[in-house]
Structure formats: C-alpha cells, structure tokens
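As structure tokens, the structure follows; a few thoughts come after it.
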Amino acid sequence: MEGVGGSSSNYSIGQSAQERGLPLVPECYTIPPSHRASLNPDVADVPVVDLAGLRQDPAQRSVVIDNVGNACRRFGLFQITNHGISQPVLDGALSSAFDFFNLPAEEKLKFMSNNVYNPVSLIVAQSKMLFDPQSRQVGRD
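Using full-length UniProt numbering, the letters of the sequence shown correspond one by one to residues 1 to 141.
Below, the structure written as structure tokens:
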C-alpha cells in the first residue's frame, strides 16, 4: 500500500463515514448478517492449538505448524495451550493491558501512529482497515 510521501511504511488515514457526515456505513462495506461473527458459544468455537508438539519429533512439529496455519486461515485466531509462559507473566500482561485502556484518551493518543514499523502503536476500532476481496474496496469504518 502506497503511503504518505511515497513511503509504504506510512499510510494516510482518511475521514470515516461518520466524520464525513454519512448517516450509514456505505453498503459496499457492510457484512450480511449471515457472514457476521457470532458470540453464540455453539457457533464461535475457537480452535485450540497444543504447542507441546513443538518440543517433540519433527513429525509432531509439522502437525502443530499445520494446525496454526489452518487456524489462522479458517478463523484468524486461536487459543494455545502448553506454551510455557508462567501465570505471573500472563497476569502482568493482562494487568498492563487493562492499565493502558483505562488511561485517558489523551494519554493513549500519544501511542497512535500511522508508521507500520513503530514497535508500539495504537490502532483504534474506528480506524480499522476493512478490505473486501470481492470488490477490492478498502474502508475504515
């Protein structure tokens, strides 16, 4: 994606539909209800990948790697088990995330950046990029 000043490391953020005063999201960016994510646990089964196989023979490693790839392609996310990260480290990460999101907006905006190479940056939900591969349209609402 070509960015600001001809650099692909930056991208410009245009106005959202709301900022342009449009009453609705343009139809080309809406997702039909049948294709929307569901919070119903019977429908939203998140794949679980057991990383213990990475420490075993090469055949098991290949199975784990295939499972990760399949989960990414089919669901876009997955839960991992046997990752070896201690509970205090996990608790610290969650605590830091909650602390960050409890900051005032002005403080969080200090981390906002359109430079994709920044090691830490903030992307807010309304700035999420949407891409429809069928129509090749990109939006951000």
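A virtual CB, placed ideally from N, CA and C, is assigned to each residue, including glycine.
Remember, predicted model here, so these are calculated numbers, not experimental data.
In the three-state reduction of the DSSP assignment, N115 falls in the strand class, which pools E and B. Pairing D50 with T81 gives a Cβ-Cβ distance under 8 angstroms. By the neighbour-count definition (other C-beta atoms within 10 Å, threshold 16), V64 is a buried residue. In the DSSP assignment, D50 forms a beta bridge with T81. One Cα belongs to Q60, the other to G53, and the distance between them is close to 5 angstroms. Between the C-alpha atoms of S62 and L90 there is a straight-line separation of about 27 angstroms. If you check the CB distance, F75 and P33 do not come in under 8 angstroms.
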